[in-house]
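Residues -20 to -1, 1 to 491 (mature numbering (1 follows the signal peptide of the UniProt record, and there is no 0)) make up the sequence shown, in order.
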Amino acid sequence: MMIRRFVFLMLGMLPLGTMAVDNSDLLPLVRNERGVDMEGMSPDWVKSLIMAEFRIETATPEGTFSAAVKVLDHYAETGVNGLWVGPIFERPPGRNGYGNFGPDTVEAALTGEASLEKSYREIRRFVDAAHDRNIRVIFDIVAWGVTESAPFFKERPEFFIRQDNGEFRQAWGGYLFDWKNPEFREWFNAAAVAFIEETGADGFRVDLAPDTSGYHFKEIREELVRKGHKILIMSEMPSKPRGTFDCAQLGVNGWTEPPIYNPKEKFEEQKKRFGSMHDSSFVFRTNIVDAIQTGVGIGPPQIQQKGEGGLFRFYAASPLYHDGHAPFVKGNRVRFGYLALLPFIPVWWIGEEWNNPRDLLQQKGAMYYNRINWDVKNEPQNAAFFEDVKRILRVRRSYPDIFENFPEHLRDASICKVESFRDGHPNPLQAYLRFSDRRAVLVVPNYMAASSSSHFSVELPWDEWPAKGSSFIVTDLMSGNIIAEADRAELRSFEVELPAEHLGIYLLERR
């Protein structure tokens, strides 16, 4: 059969009268614990996660759990089935929750309740509402210590680290927990288990773990499993699983050396070489397919240096977390979609999906303090971007045989390079193919372009993809247009036009 080719331009703006995308119909069902299977130490739903991070205080003008239900509706529509909620613990004035009074407290302003019991009930209502929308919820838990003014420090000083001179060790404006103390661990474990049992939450993101608390959360996981709770535990810092962590928040940051904080000049020199520790933007500065297949820049630097990077199953990756100081995506389809379709668990800070502006509650600080402006989501350019974000995530949701296939080792992920040429020159950002044995999705970025649109020639990697069949069709998944269809022997490449900072996403399947 003669090859047919179609050249078109993706406009990004929605045609007049086009219905908005709603991905809530594709969210995997949240089953009760008896219906959840375990895959090693991880619940089976981990492989389906698309996650966003937000803070109750700033997600709505009211800053309460009850008001945050609108956040659930937004993320169900987006296609997100996992939410990470920032710290909700009681804290002194001016602190953000990462410095707080302990894991057995709740900030009353967030729940409208003074007692812990009633606060847990309010949180459970929020979690139940999320589950009704097929969204899992994990909560930050702070494991480094408590603030200087915490009553718990005065009540149980033996639970905190003392230096050789007898003084208590301090950091981050507070006192450090002594994780070597068995009595302390028993108390902390009980508080963490009670939180899950009382609120129905689906797990924890553990602040500064394993650097401060080691791998002691294994005890918490095991106790919850005994009680029938199958949870996710995410460390902040790069970590090994060790029966404890399903993934690490900062496991894909490009750092191949451990950070050296003192002297400060050394850390600044490392940042110049590696970029930020607190996001996955290195994906846009490297050949990510090579990084995945070698493990370079992925996982704890100490094991990378042994040649063992990329040997875990799950890694989280994000364009922006709460520690960032400015939005990163800024309406750029490549910055969002290129990362979202890689073999990682995608996570991002609220607002990146609709270009929420930087508007801090204070003069300086991290995005944790950023106001969330829902009105700007409706501005035409932002609304069009949000629709494209939903289309991108719909691709990930629609092909679970490709995007929910996480091998035991990341290095074995179903991804390969795709040769693409922009205006006759090699594409500076690596195009890639994600595949199963019966179909594949091609991702072609037009990043940091010098012109408003570019002509792309895309070569199909038949030698890398073990596809069966003699005749294939290429479909643009952002528009639904057929790009090419022909016998395999004839279908060696196809051509498209892409606007600057847009992403071409194409389905390749047997005809």
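Even glycine gets a Cβ: it sits at the ideal position worked out from N, Cα and C.
Coil, strand or helix - residue i by DSSP
i, result
"residue 397", "strand"
"residue 240", "coil"
"residue 54", "helix"
"residue 492", "Outside the shown range of the chain, which is -20 to 491, sits residue 492, and nothing can be said about it."
"residue 412", "strand"
"residue 107", "helix"
"residue 319", "helix"
"residue 442", "coil"
"residue 334", "coil"
"residue 291", "coil"
"residue 366", "helix"
"residue 421", "strand"
"residue 390", "helix"
"residue 15", "helix"
"residue 99", "helix"
"residue 484", "strand"
"residue 173", "helix"
"residue 467", "strand"
"residue 142", "strand"
Cut-off 7 Å between Cβ atoms - residues of its own chain near residue i, not counting five sequence neighbours on either side
i, result
"residue 416", "381, 382, 385 and 394"
"residue 410", "267, 268, 269 and 397"
Per-residue burial, residue i [other beta carbons within 10 Å of its own, 16 or more giving buried]
i, result
"residue 223", "exposed"
"residue 54", "buried"
"residue 405", "exposed"
"residue 2", "exposed"
"residue 5", "exposed"
"residue 448", "exposed"
"residue 233", "buried"
"residue 241", "exposed"
"residue 450", "exposed"
"residue 465", "buried"
"residue 169", "buried"
"residue 490", "exposed"
"residue 277", "buried"
"residue 443", "exposed"
"residue 458", "buried"
"residue 341", "exposed"
"residue 95", "exposed"
"residue 315", "buried"
"residue 229", "buried"
"residue 125", "buried"
"residue 428", "exposed"
Straight-line Cα distance separating residue j from residue i
i, j, result
"residue 375", "residue 392", "21 Å"
"residue 122", "residue 18", "26 Å"
"residue 328", "residue 148", "36 Å"
"residue -1", "residue 283", "45 Å"
"residue 333", "residue 313", "10 Å"
"residue 69", "residue 436", "51 Å"
"residue 13", "residue 181", "12 Å"
"residue 322", "residue 231", "14 Å"
"residue 476", "residue 335", "27 Å"
"residue 202", "residue 101", "24 Å"
"residue 372", "residue 320", "8 Å"
"residue 473", "residue 387", "29 Å"
"residue 89", "residue 44", "7 Å"
"residue 85", "residue 134", "16 Å"
"residue 196", "residue 159", "8 Å"
"residue 434", "residue 363", "24 Å"
"residue 58", "residue 136", "45 Å"
"residue 482", "residue 39", "28 Å"
"residue 453", "residue 188", "48 Å"
"residue 486", "residue 360", "26 Å"
"residue 23", "residue 65", "19 Å"
DSSP bridge partner residues for residue i (one or two, in chain order)
i, result
"residue 155", "126 and 150"
"residue 402", "405 and 436"
"residue 462", "455"
"residue 64", "33 and 118"
"residue 215", "186 and 228"
"residue 325", "296"
"residue 427", "Residue 427 pairs with nothing; no bridge assigned."
"residue 476", "436"
Test: residue i CB closer than 9 Å to a CB of chain C
i, result
"residue 386", "No chain C is part of this structure, which consists of one protein chain only."
Residues near residue i in its chain [Cβ-Cβ closer than 8 Å; skip 5 each side]
i, result
"residue 115", "7, 10, 52, 55, 56, 60, 61, 62 and 63"
"residue 150", "128 and 156"
"residue 275", "284, 287, 288, 289, 290, 291, 390 and 391"
"residue 46", "92, 102, 105 and 106"
"residue 198", "222, 223 and 224"
6 Å CB neighbourhood of residue i in its chain, flanking five on each side removed
i, result
"residue 431", "none"
"residue 280", "218"
"residue 399", "439"
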